[in-house]
Amino acid sequence: MSAATIKRVQEGVAAASDRAVSHTIESILQRLDAIDRDRPEPRVNASVRRFVLRSLIHILFRVKVEDLDKIPQQPAILAVNHLHHIDPLLLLAEFPTQPYYYILGDARTLYNKRWKRFILRLAGGVIPLERIWKEEVAVVAAAKAGRQDLIDLATTIEQTVRTGKDIQTLRQIDRIVLRILASGDGMVLFPEGKLGNTEGKLHLPLKRGTVIYALRAGVPIVPVILIGTHDLYLRKELTIRVGEPLHFTQTTRPKRQEVDIALEALQKAMLALLPTDYQEPTGVKLLRYFLNHILW
């Protein structure tokens, strides 16, 4: 286990015990939990949000969007692969402003720094999800396997970090997502459930939540693939590739077979959009370390 990974875990544990982070997450979830059609969440205008993000993104990178017109002008779930913490900002910078899209994102990554909390509280459109990181799971496993130097850190993880798997939290997130879709807005979800580490690959199997939300809300799923965001540097070309919407019959209580069929269709659609021969560009890569770590 690298020193960088251990440092990342230490930062994550610090964020988990930070009262400012916890207060921000709690207040935002309470506000989102009160959403209905007549009382939308206070939020920045979608066009303003898109303009600001797009201006920043286009200064740093070259962005190519393929088949943006396939995104319907109605509530939908956009199912996207996940390669970097910048992915949500890139998507919101390029996606249409109607419907208004919300993103379900890792709470500690989103709110672990004061400047992030300030910007995201103003912008709105983010649902913070508390969960344990794969790096933290690895530290706990290593400590149990005999790494004496990691025992204290592993103990702190188990005592401090919320896994996000408790029933109360899961039900709250479910309510928020379904109310957002019912109110006419859209969702951006990452069905892999974690950051990928290889261009052109998906972490399989995909998580079931994306299709369950679509089936219960009666909205289409639009497969989307990001290309080039795993390793960032100045003026790199980043691609957003949009697939055909997938439509399913609405059901308030999806059966296992219905979920499996929908999940298989989504998986096939996302795999078909992946590049088959991705080659990481060579040459000088300016600001590489800075751009890869600014959102940690």
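If you read the sequence shown in the working numbering, its first letter stands for residue 2, the second for the next number, and so on.
For glycine and all other residues, C-beta sits at the position ideal for the given N, C-alpha and C.
Inter-residue spacing [alpha-carbon to alpha-carbon] between G106 and L130: 6 Å
E193 versus A218, A215, I226, G185, residue with shortest Cα-Cα distance: I226
Distance cutoff 8 Å, beta carbons only. Does Y290 sit that close to anything in chain C? The chain labelled as chain C is not found in the depicted structure, where only one protein chain is given.
Given a cut-off of 8 Å on the beta-carbon distance, is the pair L93 and I104 in contact? yes
Along the chain, where does the alpha helix (DSSP H) that runs through Y290 open and close? 289–294
Option nearest K71 by Cα separation, candidates A47, I222, A17: I222
Within a Cβ cutoff of 7 Å, which residues of the same chain sit near R176, ignoring the five residues on either side of it in sequence? D34
Buried/exposed call for G126, threshold 16 Cβ in 10 Å: buried
Could you tell me the alpha carbon to alpha carbon distance between R50 and Q280, rounded to whole angstroms? 32 Å
Taking 8 Å as the threshold, find out whether the segment 254–266 comes into contact with the segment 178–186 through three or more Cβ pairs. no
Hey, out of D19, P282, K8, A146, whose CA is closest to R163's CA? D19
Per DSSP, which residues does Y112 bridge with? Please list them. According to DSSP, Y112 bridges with nothing at all.
Extent of the continuous alpha helix (DSSP H) run through M271: 257–274
Beta-carbon proximity list for Y112, same chain, < 6 Å, skipping 5 on both sides: V22, T25, R118
From this set, K114, K286, Q31, P206, which residue's C-alpha is nearest T170's C-alpha? Q31
So within the segment 20–72, which uninterrupted beta strand (DSSP E) runs reach at least 3 residues, ignoring any that extend past its ends? 63–67
Consult DSSP for L216 and reduce its assignment to one of helix, strand or coil. helix
Please report how far the alpha carbon of L247 lies from the alpha carbon of P224, in whole angstroms. 8 Å
Which runs of the beta strand (DSSP E), 3 residues or longer, sit entirely within the segment 169–217? 187–190
I7 to Q251, Cα distance in whole Å? 44 Å
Run through DSSP, which three-state label would E238 get? strand
Range covered by the alpha helix (DSSP H) that runs through D88: 88–95
Would you check if the segment 189–209 and the segment 56–66 touch, i.e. whether three or more CB-CB distances between them fall below 8 Å? no
L233 - DSSP class collapsed to helix/strand/coil: coil
Applying the 10 Å Cβ sphere with the 16-neighbour rule, what's the burial state of K237? buried
Assuming the contact rule is C-beta atoms closer than 8 Å, H86 and T110 should be a hit. Round their C-beta distance to whole Å, please. 6 Å
Supposed contact pair H83 and L196 - C-beta distance, whole angstroms, cut 8 Å: 6 Å
Residues bridged to V10 by DSSP? Looking at the DSSP assignment, V10 forms no beta bridge with any residue, so it has no partner.
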